[in-house]
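Per the numbering used here, the very first residue in the sequence shown carries number 931; after that it's consecutive. All C-beta atoms, glycine included, are put in the ideal place defined by N, C-alpha and C. From a predicted model like this one, the values you see are computed outputs, not experimental measurements. Here's the structure we're looking at; comments come further down.
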Amino acid sequence: MALLEVKDLRTSFHTEDGIVGAVDGVSFSVEKGQTLGIVGESGSGKSVTCLTIMGLNAKRNTTSSGEAIWKGKNLLTTKPRELREIRGNDISMIFQDPMTSLNPVHTIGKQLIEAVQLHRDVSNRVARARSLELLKAVGIPYAERRIDDYPHQFSGGMRQRVMIAMALINDPDLLIADEPTTALDVTTQAQILTLMKRLQEEFGSAIIIITHDLGVVAETADDVLVMYGARVVEHASVEELFNRPQHPYTWGLIGSLPRLDIDVERLIQIPGQPPSLLRPPRGCRFHPRCSYVMEVCKTTVPELLPTQREPDHLQACHLDEETKDREAAKLLESMMAEAG
Ligand code: SF4
């Protein structure tokens, strides 16, 4: 049985200008010990999807529907008090900027101890010992001394390690990491991703990693959900997605990946802007930016359907499979030729 099963999730924000459909019919599941990457540009709905599951959207002017089944309970209808228990105990979140999540006026130790005692009836001594254990596990040097430092005394990378320690302190079954490495330099980013992988093996948590960077997904995830304009446009295992991508938007994401084996980053970008979710385009939401657009794309929403060859590979595009396979092969060949 899946640890988390999300079915037809929809979230709308009611603004003065009208209704913004921020998440539109998203479904996926996460198994124990699995890492799911959710990738897309900013405003694609990936963060709102997870905030909705966690009950963290502003209550006013927001409506949600669908299901997020966690251990037999629908989180969308769970009482706030029970949901607070689940958050931080069973499910934890790590955000992009640890400075906004850490309290600048309290020491790291005080905050970690509070996180333990919020969910467990243990003494200060036990909670401090657990905090130290976690600071060591995430690689904070001189943890015995640094536990009494304040957040501003840590570098960005070290603060993110503290956040990971805090997220894991109560042995969550699921960790949701929202752009956990975006604010960090490339070297620190690689260290944090390696750390998350190692800790996942050690702690056995499932992870949902939200990112705009397909490179992060390639490094960490088992499965990938590609979101565009509040909808899922492709869902596959990482291996299948990188070997046989089926959606023109995914081709754009793969084509714009920075190349680490040469000095110059590829600066190819997907032309055009992400769609307005207030007044989204009819039919396929990617059609104004798609170089393969056909008449049907402008009127008819493509369904998320399995490919003929791989039933677990879902894609939402009107192109026929032969064309998709041919174009994907061309893209991958050109990237390999460039890599020499
Ligand atoms: Fe492009 Fe049409 Fe496929 Fe949308 S459905 S991605 S517009 S080809």
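TYR1080: first and last residue of the uninterrupted alpha helix (DSSP H) it sits in: No alpha helix (DSSP H) contains TYR1080, which DSSP labels as neither H nor E.
Within the stretch 1144-1229, note down every full alpha helix (DSSP H) run reaching 4 residues or more, in order along the chain.
Within the stretch 1144-1229, the runs of alpha helix (DSSP H) that reach at least 4 residues and sit entirely inside it are, in chain order, 1144-1150, 1168-1173, 1178-1185 and 1225-1229.
Which residue spans inside the stretch 1007-1048 form an unbroken alpha helix (DSSP H) run of at least 4? Within the stretch 1007-1048, complete alpha helix (DSSP H) segments of at least 4 residues are found at 1010-1016 and 1028-1031, given in chain order.
- Report buried or exposed for MET1157, applying the criterion of at least 16 other Cβ atoms within 10 angstroms of its Cβ. Label assigned to MET1157: buried.
Note to self: Quick check on DSSP: helix, strand or coil for LYS1260?
What the structure shows: Looking at LYS1260 - three-state DSSP - the assignment turns out to be helix.
Q) Quick one: is the Cβ of LEU1249 within less than 7 Å of any heavy atom of ligand 1? A) Answer for LEU1249: yes, Cβ within range of ligand 1.
**Asked** What is the residue span of the beta strand (DSSP E) that ALA1136 lies within?
**Response** Its beta strand (DSSP E) spans residues 1136-1141.
**Report entry** Cα-Cα separation, ASN1019 to TRP1000
**Finding:** Rounded to whole angstroms, ASN1019 to TRP1000 spans 13 Å at the Cα level.
As assigned by DSSP and simplified to three states, the class of ASN1004:
Looking at ASN1004 - three-state DSSP - the assignment turns out to be strand.
### Task
Would you list the residues sitting across from ARG940 in a DSSP beta bridge?
According to DSSP, which records beta bridges pairwise, ARG940 is partnered with ASP954 and SER995.
Would ILE1043 pass as a contact of ILE1106 if the rule is Cβ separation under 8 Å?
With respect to ILE1106, ILE1043 sits apart: the two C-beta atoms are not nearer than 8 Å.
Rounded straight-line distance, which links the Cα of THR1007 to that of ASP1191:
With a pLDDT of 49 at ASP1191, under the threshold of 50, the modelled position of this residue cannot be trusted; read the value that follows with caution. Taking the straight line from one Cα to the other gives about 48 Å.
Next on the checklist: Which of the three DSSP states is assigned to ALA932 in this structure?
Outcome noted: For ALA932, the secondary structure class from DSSP, reduced to helix, strand or coil, is coil.
May I ask you to check if the CB of TYR1072 is nearer than 7 Å to at least one heavy atom of ligand 1?
Shortest gap from the CB of TYR1072 to any heavy atom of ligand 1: 7 Å or more.
Checklist line | Exposure label - ALA1258; buried when at least 16 CB within 10 Å | finding: When all chains shown are included, ALA1258 counts as buried.
- Item | For SER959: DSSP bridge partner residues | Per DSSP, GLU935.
Q) In terms of residue numbering, what span does the alpha helix (DSSP H) encompassing GLY970 cover? A) Run containing GLY970: none; DSSP gives neither H nor E here.
- DSSP state of THR945, grouped into three classes? Here THR945 carries a strand assignment [DSSP, helix/strand/coil].
* Rounded C-alpha distance that separates ARG1091 from PRO1034 -> C-alpha separation (whole angstroms): 16 Å.
Please name the residue in LEU1244, HIS1217 and PHE1025 whose C-alpha comes closest to that of LEU986. Looking at the Cα atoms, PHE1025 is the closest of the given residues.
Query raised in the report: From the DSSP output, which residues share a beta bridge with LEU1104?
Result: Beta-bridge pairing links LEU1104 to ILE1021 and ALA1136.
### Query
Under the DSSP definition of a beta bridge, which residues are partnered with PRO1110?
As computed with DSSP, PRO1110 is found in no beta bridge at all.
Would LEU1013 pass as a contact of ILE1138 if the rule is Cβ separation under 8 Å?
In this structure, ILE1138 does not lie closer than 8 Å to LEU1013 by Cβ.
Considering only the alpha carbon of each residue, which of GLY1145, GLY1159, GLY951 and LEU1235 lies closest to SER1186?
Nearest C-alpha to SER1186: GLY1145.
For my contact list, VAL950 and THR979 are in at a C-beta cut-off of 8 Å; report their separation, rounded to the angstrom. That pair is no contact at about 14 Å.
Along the chain, where does the alpha helix (DSSP H) containing SER1061 start, and where does it finish?
Here the alpha helix (DSSP H) through SER1061 covers 1054-1067.
- Helix, strand or coil for LEU1098, going by three-state DSSP, please let me know. LEU1098 falls in the helix class under three-state DSSP.
Can you tell which of ASN1054, MET931 and THR1230 has its C-alpha closest to the C-alpha of ALA1246? With distances taken between CA atoms, ALA1246 lies nearest to THR1230 out of ASN1054, MET931 and THR1230.
Quick check on the burial criterion: 16 or more other C-beta atoms within 10 angstroms. Buried or exposed for LEU1208? By the neighbour-count definition (other C-beta atoms within 10 Å, threshold 16), LEU1208 is an exposed residue.
Under three-state DSSP, which class holds LEU1234? Correct three-state label for LEU1234: coil.
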